Structure formats: C-alpha cells, structure tokens
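A.B. asks: Take full-length UniProt numbering: the last position of the sequence shown gets the number 485, and nothing is skipped along the way. Sharing a structure below in structure tokens format, with a few things to ask.
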Amino acid sequence: MATASPAALRRRLVPPSQRASFPGTREPPVRPLPMRLGPAGTLVRANSFESELGETDDGDGDGDQSADEAAADRAAPPHDAETTAAGLAEKKRYKKLVRATSAAAMFAAALCVLYLGHLAVCALVFVIQVMIFKEVTMVRYRTEKSSEVPMFRTIQWLWFAVAIFFSYGDALSNTMPTPLSKWLHRRKHRLAVFAFFIDNHEVITLLSYSAVFILTVLSFKKHYYKYQMGQLSWTMVTVWICVGQLHAVVTNIFTGLFWFVYPVSLVVVNDCMAYFCGQAFGRKLIKREFLRLSPNKTWEGFIGGGLFTVFWAVLAPRLMWRYPGLICQLFDFDNIPHCHAEDAFDFSSGFPLFRPKEYQVVPEVLQPLLGRASVELFPIQVHGIGFGVFASLVAPFGGYLASAIKRAYKVKDFEQTIPGHGGVMDRMDCQLLMALFTTVYLNAFVRMEVFSVNSMLSTISRLSKDDQLVLYRELKAKLKADGGL
C-alpha cells in the first residue's frame, strides 16, 4: 500500500482557508490555529470551524470569543504555554461572571414584571418582539444594505407594524371574556377612542396591509429587483419568526400567567442543564459529533438537558400552583394587576387541571414494594410530559436555526444588548418555537378543560340584554326539567 507524503497529508488535514500564501515554495507553511483552554485546564488548539467565527466555548453553550478577539489572538506575539493558559482562564472566569450577573438581573426583572400582572407581561412580550425584529433584520441589513434602494428600512417596519396590529387586535377583541373596547366604553376612559381600532381591527388591518403592499411594489427599482425580492423575503420570514409564532401568546397570558412562565422555564432549564451536562460529560461517553452546524454541542449535553427538562416539566406545576397570580385567568381589566385566589382555586366549578387525581401507573411488580397501585398527580403534570419532550427535542432547533443565520452572515451574536449573552434574539431563539407549541397544545388539549363560573359569567356579559334573557329562560327551563329547581 502506498504511503502518502507529508505534503499530501498536510493538504488533507489543513483547510485551504488556513494555508498561508508563501511565494517561492510549493508547500506553504501551515498557520497554527489559535489556542484555547480545554475542559481540564489544558491548552489546546481550536478547530477550524471555531477559528472561523472565534467560538471557543466548551460544552453546550455559546462561544465566548468574538471574531475580532480571535483575530487579535492570532496576531499577538507568541507567549509561553503557562502564561497563555493563565490569561485565557482569567478571561473565561470574567466572562462567566458577567454572564451570571446579567442572568441574575434578567431573572429579577422578570419577577418584577410578573408581579405587575398580565398586561405588564404582554407589554414585555411586545418589547421583545420589537427587539427581535430589529436584530434579525439588521443582521442582513449590515451586509446587504444599498443606499440606492428607497424606503428600504421604512417598508420593513411598516410590514412589522401591520402584523403586530393584527396580532394584538385579535387577542384584545376576541379572546378576552370582557373585551378591552367594552371595558374602555364602560369606564368612559379618555383612551376610549382606541376602542374603535380594537373593534374594527380586521378591516383596519386589511386596509393597512393593502397600503403597505402597494407601497412595496411602487418602491421596486430597475436593476435592483432581485436584491429587493431577497430583502422582501427576508422581511416576511422575520415577521413570521417574531410575530407569527407569538400570535396567540397574549391569549395564553390572559388564560393564566402559568402558560407563559411554565414553557419559558422549560426552555431555560433545558439550556442550562444542557450546558452543565456538556461541560461535565461532553464527548466522554459518546464520541460521535452531535451537530456539524454547532460543533460545541454534544450528545451528552442534549440528552442530559432533555432528562432534566422532563423532570422539571412534571415537578414545576406542583410548585407553581401555590401562587394564585400564576394560575387564574384575567377575566376583566378591572382585576389588574392581580386576580383573586378564589378565582384560581374554585375547584368546585373549574380548573380541573390543578385538581389532584389518582393515576393507575404503578406496575404490578412494584405495587408490593411501594404499597400502592396508583399515584396522585395534577392533570397538568401529565400534560407536562408533552411539554418537556417538546422543549427537549424540538425547541433547541430554534437555537440551531439562529446559529445558522449568524454563521451565514459571519457574526457571533445578533447584538450586544445583554452583557455576556448577546442580543435578545440570542436568548429567545428557542422560546419562540416553544410559544407556538404552547398555543397549539392549549387549543387542542387544554383550553376546553379550563372553565369556571366567573369565566362563564364574563362571557355571558358580552351578550346583549335580549340574548341574556333568552339564556336565562333556557337555563331555568333546563334546571326545572332536571329537578334542580
């Protein structure tokens, strides 16, 4: 068998992008890759994919080093291995401290918003949507912008405004037991003028959509058609990412803050535990590469994060049901910022999801050992298994899509809004897909179970006086027929 020459081996092992052009030689010298700190404190060389974008994090997490920093490291004069390792370790500790401090600040801010109630959380979601749209559109705008195209950014934001108006108008007019417009009329509030826009949001949305559509077509410019088609497509995809997937999140919040906090917590637990499991066991049990798109991700992190997420999905409802403000629905805007505990725990007429039930799930083999054939669970804990599985297996791919976008445009983070974390999109990439799942799951399996006397009375209040009298007579006749009166 023929043996490959050293030159041939170098050509196979070293990517062309890392071969320095050196005149006068047939085999150019190989440029060494930058060093990084390995899991055990050893100094190792970053792989070529890490070097391209400067990602040097271990385990399941985002990269710690920006592209500019990586370039500076390559240009820096050589140091001895001990000095370099110490500097990298100190730099890594500092970045982890910044990251942890930012995470604690975000957690405290989230608690404050939750304390303010349902509408405050809706306002937070709106701000997040604005930031995501800005960051995702700017990623392409920085590399593809053209001063020759008129009203480019203006049209992007107009499309976003139309989508937001329809999304929130639908939630505030059709999903509330007492719509915002009726509440404004009843209180003769100065802002009652907005009731007109809420009641007629579908017509206004159509007119706005038509106007922006015409404006978009009129903005097309000769020699730039292909470029403008690409930008328009990117705008529509971005609108779907940050508005389409969150279309019904306001409805979920009005159903109960639990349906906002619970799925968010699952993604957070999955992200954190995947990172820690990747740090502790990464590539020690399974050597096979997990995902070429994100070479720092490991099978151990993915599997470990999934197991912890399912465990938290079953445990969390037991902890959260103790807080009435998370469980109860927003029946009327007069209940802002908090609803009453009796609304949340009216077990005689509603909220069966949080009423304990016996489930025959103990195998016969274990029944003598455990001394029981069933376990007591909340129905929401059983539903939680589905939430946990989705948060573990599907939601992480929202993060992988975000990684693909960043690699396509050669940026490490979407923005530098949050110290140590990057932009808002860097933190919300998996949450968007989870919010969409929550909406579908609620409508398909859960929302039909969430009824109470208060919610029905609030719904009846939306009827006209004549319809309420008809309902009263029908209900009275039915109760008499059933012997209830």
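Just so you know, even glycine gets a beta-carbon here, dropped at the ideal spot from N, CA and C. The structure displayed is predicted, hence computed values, not measured ones.
1) Measure the C-alpha to C-alpha separation of Ala435 and Ala195 and round it to an integer number of angstroms.
2) Let me check one thing: in DSSP terms, what residues is Tyr359 bridge-paired to?
3) What are the boundary residues of the alpha helix (DSSP H) that Thr216 is part of?
4) Just how far apart, CA to CA, sit Arg473 and Ser167?
5) Alpha helix (DSSP H) containing Thr417: first to last residue?
6) Less than 8 Å between the CB atoms is what I'm expecting for Leu353 and Val446, so what's the real figure, rounded?
7) Can you name the start and end residues of the alpha helix (DSSP H) that Lys465 belongs to?
8) Can we say the region 214-232 touches the region 388-402, given the rule of at least three CB pairs closer than 8 Å?
9) Grab the span of the alpha helix (DSSP H) containing Lys287 for me, first residue to last.
10) According to the Cβ coordinates, are Gly244 and His201 closer than 8 Å?
11) For the alpha helix (DSSP H) that contains Ser233, what are its first and last residues?
12) Pick out whichever of Phe258, Ser173, Trp157 and Gly423 has its Cα sitting closest to the Cα of Val121.
13) Thinking just about the alpha-carbon of each residue, which of Tyr141, His223, Ser374 and Leu119 is nearest to the one in Ile253?
14) Excluding the five sequence neighbours on either side, which residues of its own chain have a C-beta within less than 7 Å of the C-beta of Gln360, listed in chain order?
15) So the candidates are Leu232, Phe437, Ile204 and His223; which of them puts its Cα closest to the Cα of Thr216?
16) Compute the distance between the beta-carbons of Phe308 and Met273, then report whether it is under 8 Å.
17) Rounding to the nearest angstrom, what Cα-Cα distance links Phe387 and Gln279 in this structure?
18) Anyone know if the C-beta pair for Gly304 and Phe281 falls short of 8 Å?
19) Can you tell which of Leu172, Phe414 and Gln468 has the C-alpha that lies nearest to the C-alpha of residue 495?
20) Alpha carbon to alpha carbon, how far is Ser219 from Tyr209? Give it in angstroms, no decimals.
21) Check for me: the alpha helix (DSSP H) holding Gly306 runs from which residue to which?
22) Tell me the rounded alpha-carbon separation between Trp159 and Val212.
23) DSSP state of Gly325, grouped into three classes?
24) Are the CB atoms of Arg292 and Trp299 within a distance shorter than 8 Å?
25) Tell whether a beta-carbon distance below 8 Å holds between Gly420 and Arg99.
26) Let's test the definition: count the other Cβ atoms within 10 Å of the Cβ of His383 and tell me whether it reaches 16, buried, or not, exposed.
27) Give the range of the alpha helix (DSSP H) segment to which residue 539 is assigned.
28) Between the Cα of Asp199 and the Cα atoms of His223, Lys222, Ala171 and Lys221, which residue gives the shortest distance?
29) Taking C-beta to C-beta, are Val389 and Val310 nearer than 8 Å?
30) How would you call Gly256, buried or exposed, if buried means at least 16 neighbouring beta carbons within 10 angstroms?
31) Taking the straight line between their C-alpha atoms, what separation do you get for Val136 and Asp271?
32) Name the two residues that bound the continuous alpha helix (DSSP H) containing Phe258.
33) Return the CA-CA distance between Leu432 and Ile128, expressed in angstroms with no decimal places.
34) If you draw a straight line from the C-alpha of Leu33 to the C-alpha of Arg93, how long is it?
C.D. replies: According to the structure shown:
1) Counting only the Cα atoms, Ala195 lies some 28 Å from Ala435.
2) According to DSSP, which records beta bridges pairwise, Tyr359 is partnered with Val375.
3) Per DSSP, Thr216 belongs to the alpha helix (DSSP H) from His201 to Leu218.
4) C-alpha separation (whole angstroms): 37 Å.
5) Counting along the chain, Thr417 falls outside any alpha helix (DSSP H), and DSSP gives it neither H nor E.
6) Contact holds; Cβ gap of about 7 Å.
7) DSSP places Lys465 inside the alpha helix (DSSP H), whose first and last residues are Lys465 to Ala481.
8) No, the region 214-232 does not touch the region 388-402.
9) Annotation: Lys287 is outside any alpha helix (DSSP H) and is labelled neither H nor E by DSSP.
10) Against a cut-off of 8 Å, the Cβ pair of His201 and Gly244 comes out as no contact.
11) Counting along the chain, Ser233 sits inside the alpha helix (DSSP H) bounded by residues Tyr225 to Val239.
12) Across the set Phe258, Ser173, Trp157 and Gly423, the C-alpha of Phe258 shows the shortest separation from the C-alpha of Val121.
13) With respect to the C-alpha of Ile253, the residue from Tyr141, His223, Ser374 and Leu119 having the closest C-alpha is Leu119.
14) Around Gln360: Ala373 and Ser374.
15) Nearest neighbour of Thr216 by Cα position, chosen from Leu232, Phe437, Ile204 and His223, turns out to be Leu232.
16) Result yes, Cβ atoms of Phe308 and Met273 sit closer than 8 Å.
17) Distance from the CA atom of Phe387 to the CA atom of Gln279, rounded to whole angstroms, is 25 Å.
18) Result yes, Cβ atoms of Gly304 and Phe281 sit closer than 8 Å.
19) No information on residue 495 is available, as it lies outside the stretch 1 to 485 that the chain covers here.
20) One Cα belongs to Tyr209, the other to Ser219, and the distance between them is close to 15 Å.
21) Segment Trp299 to Met320, the alpha helix (DSSP H) holding Gly306.
22) Roughly 7 Å between the two C-alpha positions.
23) Helix at Gly325.
24) At least 8 Å separates the beta-carbon of Trp299 from that of Arg292.
25) Between Gly420 and Arg99, the C-beta spacing is below 8 Å.
26) If you draw a 10 Å sphere on the C-beta of His383, you find 16 or more other C-beta atoms in it, and that means buried.
27) Outside the shown range of the chain (1 to 485) lies residue 539, about which nothing can therefore be said.
28) The shortest Cα separation from Asp199 among His223, Lys222, Ala171 and Lys221 belongs to Ala171.
29) Cβ atoms of Val389 and Val310: closer than 8 Å.
30) Taking every protein chain shown into account, the CB of Gly256 has 16 or more other CB atoms within 10 angstroms, so this residue is buried.
31) Val136 and Asp271: Cα-Cα distance of roughly 21 Å.
32) From DSSP, the alpha helix (DSSP H) with Phe258 extends over Phe258 to Phe281.
33) If I take the Cα positions, the gap works out to 11 Å.
34) With a pLDDT of only 49 at Leu33, under the threshold of 50, the placement of this residue in the model should not be trusted; the figure read from the coordinates follows. Rounded to whole angstroms, Leu33 to Arg93 spans 22 Å at the Cα level.
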